[in-house]
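Have a look at the structure below before the remarks.
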Amino acid sequence: DAGVTQSPTHLIKTRGQQVTLRCSPKSGHDTVSWYQQALGQGPQFIFQYYEEEERQRGNFPDRFSGHQFPNYSSELNVNALLLGDSALYLCASSRQAYTDTQYFGPGTRLTVL
Amino acid sequence: SQQGEEDPQALSIQEGENATMNCSYKTSINNLQWYRQNSGRGLVHLILIRSNEREKHSGRLRVTLDTSKKSSSLLITASRAADTASYFCATAKAINAGGTSYGKLTFGQGTILTVHP
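Heads up: the protein sequence lines correspond to chains A and B, in order. Sequential numbering from 15 applies to the first sequence in the numbering used here. Sequential numbering from 394 applies to the second sequence in the numbering used here.
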């Protein structure tokens, strides 16, 4: 049973560029949440997708957008990258948007130069 | 913004000793969860305690929850060098909309635990 997978593992971009990160949820899970973790900080909630719609959103600008596909996989897109977007981006999956345990992927390390 | 504050920020102990980490939060919750993170990689779920529970055990882990004080503690007994990691508490609060309950996790800043062999 595959856990949560994310791609790519590492990514280097320059300011102003756009990036797309991908996540496949754990088998049997239909909800995907995205978190941003800056160095030395705890993860911060970006948004959550369930039934292909954004259901909740954290305090992040519109430059951060996402999508969920019919197979429950998800993408996180960030436009007009800033230096401050450099972080570890974590994807978590769960069942039906419940508040129970979320299963996290290994993360994508984004560096913006 | 972070919901919780964790204390201490860093903890250094010898193998065999117990490690205690504390977490405080500000608003009402459905449950509180503890996660572990090695070397800035993915988070591993350790234990979940619901708001109507006061104590929970899992192997060498013991978690307590005091909702009146809005605080929780994680105790790792007989620590091992392999327990070296960052530990995060996360609170979960359900939001009900359209007949479905949605939840998200709000994390604290974490405690860096170093266990020396």
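Even glycine gets a Cβ: it sits at the ideal position worked out from N, Cα and C. Please read all numbers here as calculations on a predicted model, not as lab measurements.
Tell me, please, whether the segment 497-507 of chain B touches the segment 443-455 of chain B by the rule of three or more beta-carbon pairs shorter than 8 Å. no
In this structure, how does DSSP classify G119 of chain A when only helix, strand and coil are distinguished? coil
For T499 of chain B, which residues in chain A fall below 8 Å Cβ to Cβ? Near T499 of chain B (Cβ distances below 8 Å), the residues of chain A are F59.
With DSSP collapsed to three states, give me the class of L102 of chain A. strand
Is there a C-beta anywhere in chain A that falls below 9 Å from the one on S394 of chain B? A caution first: S394 of chain B carries a pLDDT of 45, below 50, which makes its placement in the model unreliable, though a value can still be read off. Taking Cβ atoms only, chain A reaches closer than 9 Å to S394 of chain B, which makes this a yes.
Proximal residues of chain A, C-beta to C-beta of G433 of chain B below 7 Å: L102
Buried/exposed call for K462 of chain B, threshold 16 Cβ in 10 Å: With fewer than 16 Cβ atoms within 10 Å of its Cβ, K462 of chain B is classed as exposed.
Could you pull out every residue in the same chain whose Cβ sits closer than 6 Å to the Cβ of N91 of chain A, ignoring the five residues on either side in sequence? Answer for N91 of chain A: T34, S79, listed in chain order.
Nearest-angstrom Cα distance between E65 of chain A and D99 of chain A? 27 Å
Could you tell me whether the Cβ atoms of P120 of chain A and Y86 of chain A are closer together than 9 Å? no
Return no unless some Cβ of chain B is closer than 9 Å to the Cβ of S108 of chain A. yes
Residues in the segment 434-468 of chain B having any Cβ partner in chain A nearer than 8 Å: R434, G435, L436, V437, H438, L441
According to DSSP, simplified to helix, strand and coil, what is D114 of chain A? coil
Is A403 of chain B helix, strand or coil by DSSP? strand
Would you check if the distance between the CB atom of N424 of chain B and the CB atom of D114 of chain A is smaller than 9 Å? yes
Return the first residue and the last residue of the beta strand (DSSP E) that F61 of chain A is part of. 58-64
Beta-carbon gap between T122 of chain A and L53 of chain A smaller than 9 Å: no
Paired residues, beta bridge with V18 of chain A - DSSP: DSSP output for V18 of chain A lists no bridge partner at all.
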